[in-house]
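Asker: Residues are numbered in the working numbering as their position in the sequence shown, beginning at 1, plus a constant of 99. Before anything else, here's the structure in question.
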Amino acid sequence: MTHTFHIPVLGLAFSIDSAIKVARYGISTVMSIVDDELIERIRAYYCKLNKLAFHPIHKQEEDYRASRITAYLDLVKTLVEQQMETLKQQPFTADSDLTKYFQLLPESHPARPIYHAMEIETNTSIKRQLQELLVGYVKPGEIDVNIMSKVDKLNFKNDVALDQKYSDASAALRGFVNSTLHSAVILSAGMNPHLYAYLAELPAFFPKTDGTFDKKVVLKVSDFRSSLIQAKYLAKRGVWVSEFRVESGLNCGGHAFATDGFLLGPILEEFKEKKENLKIELFTIYQDYWASQGVRLTDLPPIKYTVQGGVGTAMEHQFLLDYYEFDAVGWGSPFLMVPEATTVDNETLKALEEAEKTDFYCSGASPLGVPFNNFRPSSAEKLRLERIKKGRPGSPCKKEYLVANREFGEKPLCTASRAYQHQKIQELQGQALTAEEYSKSFDTITEKTCLCEGLAAPAYLKYGIQRNKEQTAVSICPGPNLIWFKRQYSLKQMVDHIYGRGSILMHSDRPFVLINELDLYIDHIQKYVEDNKEILNDKKIKYITKFKAQLQLGIDYYHKLQNKLFHIPKSTLEAIPLQLELAMIRLSNVHI
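Spelled out as structure tokens, the structure:
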């Protein structure tokens, strides 16, 4: 990689065109390809912006979802290639993208000392030679895509169910495969056997004669065990996992997965200890599959290991790379404050700048039934409350990506929809509940919010492409780490912050990233116990007991890790013993 960081997927709209904005600087990005409606409109916008012909792909067309995704990905690739050609032809002037490319590089990059030498060289001939040498180092960042495996609605035509390959996730995967991109699909939110089996049928993921791949597979994971299970499942079908992208369970944006109390530090330690054995075990399975197909493989393909979730300083960034021997670190939520890199509407950006710590919270807003990092001042949250006040909770369900609930009939509904919430509240009214019980259940039902519309809206507002009378209330799902980034930044400011060439944090008392996550986990189990105290059963008691035991092991691990925290500021380091002691007290007060 050109850089030691990447920008992970950010909702639907927030990183939908990040590659067009920053890939020319060697920065790798990930876009969601869940929403083909958003993708089609963004394609139309960029075709118009670049004076290119736009041929709409209508919903009546065969396999329209895959076709829309393919068309947009091909456009992104074309635009980035054009940007790279232009960049390479530019002079090394102060305001050129070519100069910016090298200014952004980490000090560890082999081109960096050449660039410094070129800057001070006075001999014209030598300077020109160094510049020609530098241009040879220029390459774009990866243009990767994300598919949430579980967002996989079965689709119908004239009330007849279509084949499984036309499901939402499968069609999105096919859209990526049919594109001209040579990059990776990041599969997240757990394992989907139908999708994984379909993936194994697609030749784009097969090894070429030189052992490389046209399309790669990356797993976003939250622990070692699930990584091994998913990777072995794919290896048995001849698919190689090229990267494990380890994400903090709670200290991240978007959906939050609490991993039964397994903390990031111990998880990364397990990867560090077992990753070589993991590679060998997977390669043996992978070899056996291809041998059964008459293909002999001798060269073990590489596997990258990256981590993301809650990282906020250059020292944390470097510690994760050095101590855990990982290849790169994902920086997500902080880039929401960088308009050069992401797509956030002006109203939401202003709200993020003015936010307080309590504005960032883990909610039950997602129709998927998974905890979801939410933002109280968002316009989508305001709209949700207004609808409740007017006696019409829930949202019109237009895109139907998250329809899954069959409580009220064979046709699935989204739990954020007005249709579902109306029936659920009627059902609630027929129960003999106390006022307190009714209020709690009502809030649980109406907390769900429309993510399909809300997470796409920022792009419609930013680029002025909303339709007449279209609802454009914005949902945004930043991680709690964003509270430390309080204003808008330039791309250079953020990258310099990541590499320690300058700091943009507003407070010096920010706890170490692993301590931040520990506190979030204790908050989570405290809330879980409180929410379930009236309805505890053996299963829930077992979950709480196991969760607390894992947190205790994590605290013990962090006590030992203190002596290995190199490059961490003294004030941060000195605060850790007390922070761990307070965490232990809080945990001991979590009673069943």
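Just so you know, even glycine gets a beta-carbon here, dropped at the ideal spot from N, CA and C.
Thinking I91 and V129 are a contact (beta carbons under 8 Å), I'd like their distance in whole angstroms, please.
Answerer: Only positions 100 to 691 of the chain appear in this structure, which leaves residue 91 out of reach.
Asker: For the alpha helix (DSSP H) containing I213, name the first residue and the last one.
Answerer: The residue you call residue 213 lines up with position 114 of the sequence shown. From DSSP, the alpha helix (DSSP H) with I213 extends over A210 to I219.
Asker: With DSSP collapsed to three states, give me the class of M605.
Answerer: Numbered from 1 along the sequence shown, position 506 holds the residue referred to as residue 605. If DSSP states are grouped into helix, strand and coil, M605 belongs with coil.
Asker: As a quick exercise: from L232, F312 and I138, pick the residue whose alpha carbon is nearest that of V276.
Answerer: For the purposes of this step, residue 276 is identified with residue 177 of the sequence shown, where counting begins at 1. For the residues L232, F312 and I138, the minimum Cα distance to V276 belongs to F312.
Asker: Pop quiz: T548 and S574 are said to be a contact at Cβ under 8 Å. What is the actual Cβ separation, rounded to whole angstroms?
Answerer: Taking the first residue of the sequence shown as position 1, residue 548 is located at position 449. Taking the first residue of the sequence shown as position 1, residue 574 is located at position 475. That belief holds up - the Cβ atoms of T548 and S574 are roughly 6 Å apart, short of 8 Å.
Asker: Is it buried or exposed, A440, if we count other Cβ atoms within 10 angstroms and call 16 or more buried?
Answerer: Counted from its first residue, the sequence shown places residue 440 at position 341. Counting Cβ neighbours within 10 Å, A440 comes out buried, since at least 16 surround it.
Asker: Are C461 and A355 touching if we call contact CB-CB under 9 Å?
Answerer: Locating residue 461 in the sequence shown gives position 362, counting from the first residue. Locating residue 355 in the sequence shown gives position 256, counting from the first residue. Yes; because the gap between Cβ atoms is below 9 Å, this pair is in contact.
Asker: Rounded to a whole number of angstroms, what is the C-alpha to C-alpha distance between S325 and A503?
Answerer: Sequence index remark: in the sequence shown, residue 325 carries index 226 (1-based). Sequence index remark: in the sequence shown, residue 503 carries index 404 (1-based). S325 and A503: Cα-Cα distance of roughly 24 Å.
Asker: What does the alpha-carbon distance come out to for the pair A273 and L178?
Answerer: Taking the first residue of the sequence shown as position 1, residue 273 is located at position 174. Taking the first residue of the sequence shown as position 1, residue 178 is located at position 79. The sequence given here places Arg at residue 273; Ala does not occur at that position. R273 and L178: Cα-Cα distance of roughly 22 Å.
Asker: For the segment 674-691 and the segment 605-621, state whether three or more C-beta atom pairs, one from each stretch, are separated by less than 8 Å.
Answerer: Yes: at least three Cβ pairs fall under 8 Å.
Asker: Confirm, please, whether the CB-CB distance from T279 to L172 is below 9 Å.
Answerer: Position 73 of the sequence shown, counted from the first residue, corresponds to residue 172. Position 180 of the sequence shown, counted from the first residue, corresponds to residue 279. Cβ atoms of L172 and T279: closer than 9 Å.
Asker: So, with DSSP's three-state summary, where would you put L178?
Answerer: Here residue 178 is taken as the residue at index 79 of the sequence shown, counted from 1. Of the three classes helix, strand and coil, the one that applies to L178 here is helix, per DSSP.
Asker: When the Cα atoms are used, what is the spatial distance from H606 to I597?
Answerer: Position 507 of the sequence shown, counted from the first residue, corresponds to residue 606. Position 498 of the sequence shown, counted from the first residue, corresponds to residue 597. Their Cα atoms are separated by approximately 16 Å.
Asker: Just checking my contact of A518 with C496 at CB under 8 Å: how many whole Å lie between their CB atoms?
Answerer: As a working mapping, residue 518 is identified with position 419 in the sequence shown. As a working mapping, residue 496 is identified with position 397 in the sequence shown. So it is a contact: roughly 7 Å between Cβ atoms.
Asker: Just to confirm, are L672 and F611 a CB contact at a threshold of 9 Å?
Answerer: To locate residue 672, count along the sequence shown from 1; it is residue 573. To locate residue 611, count along the sequence shown from 1; it is residue 512. For L672 and F611, yes; Cβs fall inside 9 Å.
Asker: Give the straight-line distance between the Cα atoms of A515 and P492, rounded to the nearest whole angstrom.
Answerer: What you label residue 515 is simply residue 416 of the sequence shown in a count that begins at 1. What you label residue 492 is simply residue 393 of the sequence shown in a count that begins at 1. Looking at the two C-alpha atoms, the distance is approximately 9 Å.
Asker: Within its chain, find whatever has a CB closer than 8 Å to the CB of K647; leave out the 5 residues flanking it on each side and keep chain order.
Answerer: To locate residue 647, count along the sequence shown from 1; it is residue 548. So the list reads G360, I624, L686 and V689, once near-sequence residues are dropped.
Asker: E342 lies in the beta strand (DSSP E); which residues open and close that run?
Answerer: Taking the first residue of the sequence shown as position 1, residue 342 is located at position 243. Counting along the chain, the beta strand (DSSP E) containing E342 begins and ends at V340 to E346.
Asker: Using the DSSP secondary-structure output, state which residues sit across from Y404 in a beta bridge.
Answerer: Within the sequence shown, numbered from 1, the residue matching residue 404 stands at position 305. Answer is F343, bridged to Y404.
Asker: The alpha helix (DSSP H) with Y423 in it runs from where to where?
Answerer: Position 324 of the sequence shown holds residue 423. Looking at the DSSP string, Y423 is not in any alpha helix (DSSP H), and its letter there is neither H nor E.
Asker: Cα-Cα, which of K498, L435, D595 and F191 is closest to N580?
Answerer: What you label residue 580 is simply residue 481 of the sequence shown in a count that begins at 1. Minimum Cα distance to N580 is reached at L435.
Asker: Are the beta-carbon atoms of Q738 and F191 separated by less than 9 Å?
Answerer: Residue 738 is absent from the structure shown; the chain starts at 100 and stops at 691.
Asker: Thinking just about the alpha-carbon of each residue, which of K510, D637, K645 and L467 is nearest to the one in V250?
Answerer: As a working mapping, residue 250 is identified with position 151 in the sequence shown. Closest by alpha carbon: L467.
Asker: May I ask you to list the residues that DSSP assigns as paired with N631?
Answerer: Working through the sequence shown from its first residue, we reach residue 631 at position 532. None; N631 has no bridge partner.
Asker: Thinking C-alpha only, which one of K639, D243, K568 and Y500 is nearest F255?
Answerer: Stepping through the sequence shown from its first residue, residue 255 is reached at position 156. Of K639, D243, K568 and Y500, the residue nearest in Cα terms is Y500.
Asker: Could you check the C-alpha separation between A122 and V437 for me, to the nearest Å?
Answerer: Taking the sequence shown and counting its residues from 1, the one referred to as residue 122 is at position 23. Taking the sequence shown and counting its residues from 1, the one referred to as residue 437 is at position 338. Going from the Cα of A122 to the Cα of V437 covers about 15 Å.
Asker: Can you tell me where the alpha helix (DSSP H) holding S326 begins and where it ends?
Answerer: In the sequence shown, residue 326 corresponds to position 227, counting from 1. First-last of the alpha helix (DSSP H) with S326: F323 to A334.
Asker: Between which two residues does the beta strand (DSSP E) containing L286 stretch?
Answerer: Here residue 286 refers to the residue found at position 187 when the sequence shown is read from its first residue. That run of the beta strand (DSSP E) goes A283 to S287.
Asker: Run the CB neighbour count on E536, radius 10 Å, all protein chains shown included, and call it buried at 16 or more, exposed below.
Answerer: As a first step, residue 536 is located in the sequence shown; it is residue number 437 there, counting from the start. Answer is exposed; the Cβ neighbour count stays below 16.
Asker: Output yes or no for whether 9 Å exceeds the beta carbon distance between G578 and G409.
Answerer: Within the sequence shown, residue 578 is the residue found at index 479, counting from 1. Within the sequence shown, residue 409 is the residue found at index 310, counting from 1. Against a cut-off of 9 Å, the Cβ pair of G409 and G578 comes out as a contact.
Asker: Per DSSP, K319 is paired with what?
Answerer: Taking the sequence shown and counting its residues from 1, the one referred to as residue 319 is at position 220. K319 pairs with R344.
Asker: Thinking just about the alpha-carbon of each residue, which of L148, A170 and E455 is nearest to the one in H154?
Answerer: Indexing the sequence shown from 1 puts residue 154 at position 55. Cα-wise, what sits closest to H154 is A170.
Asker: Look at the Cβ atom of M414, then the Cβ atom of I219, and state whether they are nearer than 9 Å.
Answerer: In the sequence shown, the residue the question calls residue 414 occupies position 315. In the sequence shown, the residue the question calls residue 219 occupies position 120. Not a contact, by the Cβ cut-off of 9 Å.
Asker: Report the three-state DSSP secondary structure of I156 (helix, strand or coil).
Answerer: The sequence position of residue 156 within the sequence shown is 57, counting from 1. Residue state, collapsed to three classes: coil.
Asker: Below 8 Å on the Cβ atoms is my contact criterion, and I expect S341 with I379 to pass it. Report the Cβ-Cβ distance as a whole number of Å.
Answerer: Along the sequence shown, read from residue 1 onward, the residue named residue 341 stands at position 242. Along the sequence shown, read from residue 1 onward, the residue named residue 379 stands at position 280. So it is not a contact: roughly 16 Å between Cβ atoms.
Asker: Given a threshold of 16 other Cβ atoms within 10 Å of its Cβ, counted over all protein chains shown, does K669 qualify as buried or as exposed?
Answerer: Along the sequence shown, read from residue 1 onward, the residue named residue 669 stands at position 570. With fewer than 16 Cβ atoms within 10 Å of its Cβ, K669 is classed as exposed.
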